[in-house]
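A short write-up of the structure that comes next.
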Amino acid sequence: MKRVIFIAFLLSLSFAATSSAQTITVGFTVSRTGALNVDSLEQYRGFELWRDTVNAAGGIKAGGKSYMVQFASYDDESNSKRVQQLYTRMILEDKADFLFSPYSSSLTATAAIVTEQYEKIMLTTGAAEEKTYKLGNQYLFQMFAPATQYLTAALDALKARDPKATVAFVYEDASFSVAVVTPAKAYAQQLGFNVVFAEAYAPNTTDFSAIIDKVIASKATVLLGGGHYADGSTLARQLYGHKVPLKMVALLVAPDSPQWSELGDAAVGVIVPSQWEPQSTFKAQYGPSGADFGKAYSAKYNAPPSYESAGGYASGLILQHAIEQAGGTDTAKVAAALNSTDLTTFYGRSKFSTVASEHGLQVGHTIFLAQWQNDKSGALVKQVVWPLAGKSADLKYPIR
Amino acid sequence: MSGILASMIDGLLIGSVYGLAAMGLSLIWGVMDVINLTHGSMIALGMFGMYLLFSATASNAYFLLAPLIVVGLVLGIIVYWLAVNWVVDRPILMSLLSTFAVNMVVIGLGTAIWSTSPYNVNFSVPGITVGEYTFTGNHIAAASSAVVIALLLELFLRRTRAGKAIRAVADNRAAAELMGISSTRVLMVAFAIGIALAMASGALVSTLFPFTILSGAGYQLKSFVVTVLAGLGKPFGALIAGVLLGLLEGAVSPFIAVSWIPLIEFGLFVVVLIAFPRGIFGKATA
Amino acid sequence: MILRRPLLWLILALAALFVWLPLRNHDVALREDLILVAVAIILTSNLNLMIGYTGYVNFGHIVFYGLGGYVGLYLATVLNWNLIVAALIAGVTVSVLALLFGLGILRLRGAYFALATIGVLVAVQAFVANFEPWGRSTGMYVSFASYAPLGGARRALWITYYLIIGVMALSLVLSLGIRRSKFGLGLFAIREDEDAAIVLGVNATVYKAIIYSVSAFLPAVAGALMFFKNGMIDPSIAFEYMLSLEGIVMLMLGGQGTVAGSALGGALYERLRSYLLTSPRLSEFHLVIAGALLLLVVRLAPGGLIGWLYRLVPRSREVVE
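Protein chains in written order, with this note's numbering: chain A, 7 to 406; chain B, 35 to 320; chain C, 1099 to 1419.
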């Protein structure tokens, strides 16, 4: 039934479409190859679904005109070397009106240097690290809740269940995970946890045996950390293979991907700090509901959406909303509209800081914790376990 | 059980796989003086070969090594005629470049087919638990397979006619040719065996860790280190050097952050290269 | 006299063209393309000093570029030094380090030297990835304030572009100067037969160490400038093994041992890579195409494009060195 309503909503929009269609070009790079490609492609699907939905509805309507959305996008190979060349190309040759960020904090930082120079709006998604927003940028708007929040949520949940736990931090030595773990370590100590082990591993690590032996020796009962998909999934498998007696494992990014369930028993119990989960029930003031987004996404890609996909789609929605508010595509007006945005979509609340020293930092969005659990039929599903108000299942603690 | 002992056993197990990977590189280098830069991509193909075969047959992954070695031999012969035969005896730069070109093509095709996402071979052998430490069955099975393959190769080189011909060509190609050994055929066989070993080691790694088409590069670098420690052209020495390298990793890792290990390893590599250009186990012949 | 050599004027004309083309229509997209071409030429022509002139295959050449980037960025953005001073100090520091390393690893020959250079590259990368003042694996970010002394980010990028073009011209002129000098002839002698060269009185150890150190200087300066422009540096982009190998590919493509060849190879390969990467149909196959091309060049024209030109027009040797 909901689906029918959603389609009807799309149809009504398309009938309302005026005939004077113009196009706006949104540029971004995607890591089609390289270490980031799993997460980056999910983000891309979010962009793509948004574009197709908008265009099927006759485009973005603003100031009496309608604008069809087209993309200019290239492969950045998960490497910042060509990011500036490609963003410059999109701005100048492909005449991109607006930009989305590449995936990951470090590629986004590199792209931001170019987009700021050209005074182009860039909505950043998949880039949680805060440093970039404190360099004095004017046209950068962050969709993700900042990195600081990721593991503090996990520590709060732990505090409620087991205040005497001993904690180990094992994390990727990369911009994002360091930005997450550094404040988390301090917060753990502040909450009175005993942090017994902390070590960063190189981004391309595949063999964690040495680190795992050290975790065992440290007698930690809780492990927090991870980084991106490749290393996080590997770490979880090996923790399971070595039968490390942990009561709680929370890893960044990786467990959010639908592919995580391929790990089988090693996937069970792992917690992921998440920007969005399909179970979240935000009352959308604008755009589709979470359920409709999930259905449309699964229908198109045969996989459930991850929070990267949701972030991608939401970036489109927020941009669309701002263009509508601004009544056109003029950069200054759209930027002003973004500055005053305070909107709840299926993705949750989005509001950008307008304080000069941290302009564009996301201040409305918050982090969930999701845990992989076996449901009654034994199938692996991801449940929201934190915040307690929005939970879809209880936190399973200890894991086994 | 103490942490350092557990860590050294883990090192020993993974070290034998490093050793097997390096044997292929060492054999080719020793026999025809070619640094095979396709090594990494062949290791990666071994990983994906195992993935495809395992997905198709769902049989015991370690039994699949045999067909993969056969595939490796065939592939080795193809690569030999494509890129190696005409650079033997040419300046070192030529062989480096022609094998590197093949490496680029293989990685490029692999990226187009499999993208660079991680893949897993979901096969697991029950492990052994001692106290709080568990050694996974896959590590034990992979290490044993590596040792068995290495022993078979050594037997082949010492006991069979073809193996003796390879050793003769490695020692002195001109003399071997005078004895009526067709060196081109011998070189081709040696190259094919080298590739098959690389693929076999890749296949073993795929049962331990997730992998992407780019994963071979790291093992190629490790293979360089192992080969140099062992002395060039000493396949069995490479196995031992691989095990030693693994033990070293295991022994130092409890005391320092794991991220320092490459510095120690490659620092050692450069020092050994300068101090003992013929390898620690190399004979001091002129 | 270097002034009588036509190639010198060609080099200067090329540099002038690089300056003029993007300036004409204030075409920043073209500038971004050309700056990568210029960097490819800088890396290739300095690599040529080792591979083409001296016959030593350096697989880890990119270590100079990356280290230069780190030293330069640290001075320019953490200590807030003037960019040009920072870049020059980066060049000098890396050259001195190269001299020290060189005295060790240049005792090795052939494949052993090639392997040692890979070892140095990986070891340096591992060191930097653990070095706290340089931000370990996360690297360093340039704050927007660092662009202020150059008149804001937009002007700063133009300035770095001109500086890079300058470094490119210097690299080519350096190659040209060394090529016919007594020093250069000594290097060629080492390349042809090192033992014979020693017998003839070439102090091979000193020559090799000097050229190794010299080949480090301009890439390090370029690294400092490029990473400043890039806005961030981390060990994986600073010490990219693949880029090091691509440098060798570019050199072979153009023709090793020649000044024009290193420039031509660098420029063509970089444009090809850029084109393949942004072409919707071929982007998936860019590595396959580049690899197949390399295999063809090595097999059919081992002298590269310039070698092929020499065969076609023997007299061109006089002009195109």
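Just so you know, even glycine gets a beta-carbon here, dropped at the ideal spot from N, CA and C.
As the structure is a prediction and not an experimental result, all values here were calculated from the model.
- Residues of its chain near K339(A), where Cβ-Cβ distance is below 6 Å and the 5 sequence neighbours each way are ignored: Position 333 of the first sequence holds residue 339(A). A332.
- Residue ranges of each alpha helix (DSSP H) within the stretch 1340 to 1385 of chain C, 4 or longer: List check, alpha helix (DSSP H) in window: 1357 to 1376.
- Run the CB neighbour count on N137(B), radius 10 Å, all protein chains shown included, and call it buried at 16 or more, exposed below. By one-based count along the second sequence, residue 137(B) stands at place 103. In the assembly as shown, N137(B) is a buried residue. Its beta-carbon has 16 or more other beta-carbons within 10 Å.
- Task: Below 6 Å CB to CB, which residues in the same chain sit around T246(B) once its five sequence neighbours on both sides are set aside?
- Result: The sequence position of residue 246(B) within the second sequence is 212, counting from 1. Within its own chain, the residues whose Cβ lies closer than 6 Å to the Cβ of T246(B), once the five positions on either side in sequence are excluded, are T150, P152, listed in chain order.
- Message: Residues of the stretch 84 to 110 of chain A in Cβ contact with chain B at a cutoff of 7 Å, in chain order, please.
- Response: Those would be none; no residue qualifies.
- Task: Check each candidate in L1261(C), T1175(C), S1193(C), P1104(C) and name the one with the smallest Cα separation from N1144(C).
- Result: Residue numbering aside, residue 1144(C) sits at position 46 when the third sequence is read from its first letter. Among L1261(C), T1175(C), S1193(C), P1104(C), the Cα nearest to that of N1144(C) belongs to S1193(C).
- Task: Count the other CB atoms, across all protein chains shown, that sit within 10 Å of the CB of M213(B); report buried if there are 16 or more and exposed otherwise.
- Result: Stepping through the second sequence from its first residue, residue 213(B) is reached at position 179. With a 10 Å radius around the Cβ and a threshold of 16 neighbouring Cβ atoms, M213(B) comes out exposed.
- Task: Inspect the CB distances between the stretch 266 to 286 of chain B and the stretch 56 to 71 of chain B and report whether three or more fall short of 8 Å.
- Result: Under the 8 Å Cβ criterion, the stretch 266 to 286 of chain B counts as touching the stretch 56 to 71 of chain B, having at least three qualifying pairs.
- Task: At 8 Å on the CB atoms, spell out the chain A contacts of I48(B), in chain order.
- Result: Mapped onto the second sequence, residue 48(B) falls at position 14. Chain A residues near I48(B): D213, S215.
- Should the stretch 169 to 183 of chain B be regarded as contacting the stretch 264 to 281 of chain A, the criterion being three or more beta carbon pairs within less than 8 Å? Because the criterion of three Cβ pairs below 8 Å is not met, the stretch 169 to 183 of chain B and the stretch 264 to 281 of chain A do not touch.
- Message: Tell me the rounded alpha-carbon separation between F1199(C) and Y1310(C).
- Response: As a working mapping, residue 1199(C) is identified with position 101 in the third sequence. As a working mapping, residue 1310(C) is identified with position 212 in the third sequence. Using only the alpha carbons, I get a separation of about 9 Å.
- Whose C-beta lies closer than 6 Å to the C-beta of N43(A) among residues of the same chain, with five residues either side of it excluded? Walking along the first sequence from the start, residue 43(A) turns up at place 37. For N43(A), where only same-chain residues beyond five positions count, the Cβ hits under 6 Å are S37.
- Query: Relative to the alpha-carbon of G64(A), which residue among E314(A), I30(A), L92(A), F34(A) has its alpha-carbon at the smallest distance?
  - Reply: As a working note, residue 64(A) is residue 58 in the first sequence. Of the candidates E314(A), I30(A), L92(A), F34(A), I30(A) places its Cα closest to the Cα of G64(A).
- Is G1164(C) close to chain A, meaning its C-beta is less than 8 Å from at least one C-beta of that chain? As a working note, residue 1164(C) is residue 66 in the third sequence. No, no contact with chain A.
- In chain order, what residues of the same chain lie with their CB nearer than 8 Å to the CB of D400(A), ignoring the 5 residues before and after it? Taking the first residue of the first sequence as 1, we reach residue 400(A) at position 394. These residues qualify, in order along the chain: V391.
- Message: For S72(A), would you say it is in contact with chain B, using Cβ-to-Cβ distances shorter than 8 Å as the test?
- Response: Locating residue 72(A) in the first sequence gives position 66, where the first residue counts as 1. The Cβ of S72(A) sits no closer than 8 Å to any Cβ of chain B.
- Message: Rounded to the nearest angstrom, what separates F21(A) and D237(A) at their Cα positions?
- Response: Position 15 of the first sequence, counted from the first residue, corresponds to residue 21(A). Position 231 of the first sequence, counted from the first residue, corresponds to residue 237(A). Only weak support is given to the placement of F21(A): the predicted model assigns it a pLDDT of 46, under 50, and the value that follows is read from those uncertain coordinates. Between the alpha carbons of F21(A) and D237(A) lies a gap of roughly 48 Å.
- Query: What are the boundary residues of the beta strand (DSSP E) that T168(B) is part of?
  - Reply: As a working note, residue 168(B) is residue 134 in the second sequence. Looking at the DSSP string, the run of the beta strand (DSSP E) that includes T168(B) is 167 to 169.
- Item | Burial state of N1328(C), where buried means 16 or more other Cβ atoms lie within 10 Å | Here residue 1328(C) refers to the residue found at position 230 when the third sequence is read from its first residue. Counting every other CB atom within 10 Å of its CB across the protein chains shown gives N1328(C) a total of 16 or more, marking it as buried.
- Task: May I ask you to list the residues that DSSP assigns as paired with R355(A)?
- Result: Here residue 355(A) refers to the residue found at position 349 when the first sequence is read from its first residue. Under the DSSP definition of a beta bridge, R355(A) partners with T350(A).
- Task: Going by CA-CA distance only, name the one from S356(A), E99(A), Y80(A), P152(A) that's closest to F34(A).
- Result: The residue labelled residue 34(A) in the question sits at position 28 within the first sequence. Checking every option, the nearest Cα to that of F34(A) belongs to Y80(A).
- Examine chain A for any beta-carbon lying closer than 8 Å to the beta-carbon of F243(B), and answer yes or no. Numbered from 1 along the second sequence, position 209 holds the residue referred to as residue 243(B). By this cut-off, F243(B) is an interface position.
- If you run the structure through DSSP and keep just helix, strand and coil, what is S199(A)? Here the question's residue 199(A) lines up with position 193 in the first sequence. One detail in the question is off: residue 199(A) reads as Phe in this sequence, not Ser. It is coil, neither helix nor strand.
- Candidates E166(B), D67(B), L238(B): closest to L98(B) by CA position: Locating residue 98(B) in the second sequence gives position 64, where the first residue counts as 1. It is L238(B) whose Cα lies nearest to the Cα of L98(B).
- Message: Please list, in chain order, the residues of the stretch 130 to 149 of chain B that have any C-beta partner in chain A closer than 8 Å.
- Response: The stretch 130 to 149 of chain B vs chain A, Cβ under 8 Å: T145, S149.
- Any beta-carbon of chain B closer than 8 Å to the one on A23(A)? Here residue 23(A) is taken as the residue at index 17 of the first sequence, counted from 1. For A23(A), the pLDDT reaches just 44, beneath the cut-off of 50, and the residue's location in the model is therefore unreliable, leaving the point undetermined.
- Going straight from the alpha carbon of M76(B) to that of S257(B), what length do you get? Counted from its first residue, the second sequence places residue 76(B) at position 42. Counted from its first residue, the second sequence places residue 257(B) at position 223. Cα-Cα distance, rounded: 13 Å.
- Message: Taking 6 Å as the limit between beta carbons, can you name the residues of its chain near G1189(C), skipping five residues before and five after?
- Response: Taking the first residue of the third sequence as position 1, residue 1189(C) is located at position 91. F1315, A1318, V1319, listed in sequence order.
- Message: Run through chain E and tell me which residues come within less than 7 Å of A1388(C), C-beta to C-beta.
- Response: Among the protein chains in the structure shown, which are A, B and C, there is no chain E.
- Query: What does a CB cutoff of less than 7 Å around V221(A) pick up in its chain, not counting 5 residues either side in sequence?
  - Reply: As a first step, residue 221(A) must be located in the first sequence, where it is residue number 215. These residues qualify, in order along the chain: A174, V176, F203, L229, V250.
- Query: Going by C-alpha distance, which of G1345(C), G1202(C), G1166(C) is nearest V1183(C)?
  - Reply: In the third sequence, counting from the first residue as 1, residue 1183(C) sits at position 85. With respect to the C-alpha of V1183(C), the residue from G1345(C), G1202(C), G1166(C) having the closest C-alpha is G1166(C).
- Query: Taking DSSP as the reference, what is the three-state secondary structure of N380(A)?
  - Reply: Your numbering for residue 380(A) matches position 374 in the first sequence. In the structure shown, N380(A) adopts extended strand secondary structure according to DSSP, grouped into three states.
- Query: Hey, would you say M254(A) sits closer than 8 Å to L164(A), going by beta carbons?
  - Reply: Position 248 of the first sequence, counted from the first residue, corresponds to residue 254(A). Position 158 of the first sequence, counted from the first residue, corresponds to residue 164(A). Yes, the Cβ-Cβ distance between M254(A) and L164(A) is below 8 Å.
- Where does E1230(C) land, buried or exposed, given buried means 16+ other C-beta within 10 angstroms? What you label residue 1230(C) is simply residue 132 of the third sequence in a count that begins at 1. E1230(C) comes out exposed.
- Item | Identity of the residues DSSP links to A174(A) by a beta bridge | Position 168 of the first sequence, counted from the first residue, corresponds to residue 174(A). Answer is F203(A), L229(A), bridged to A174(A).
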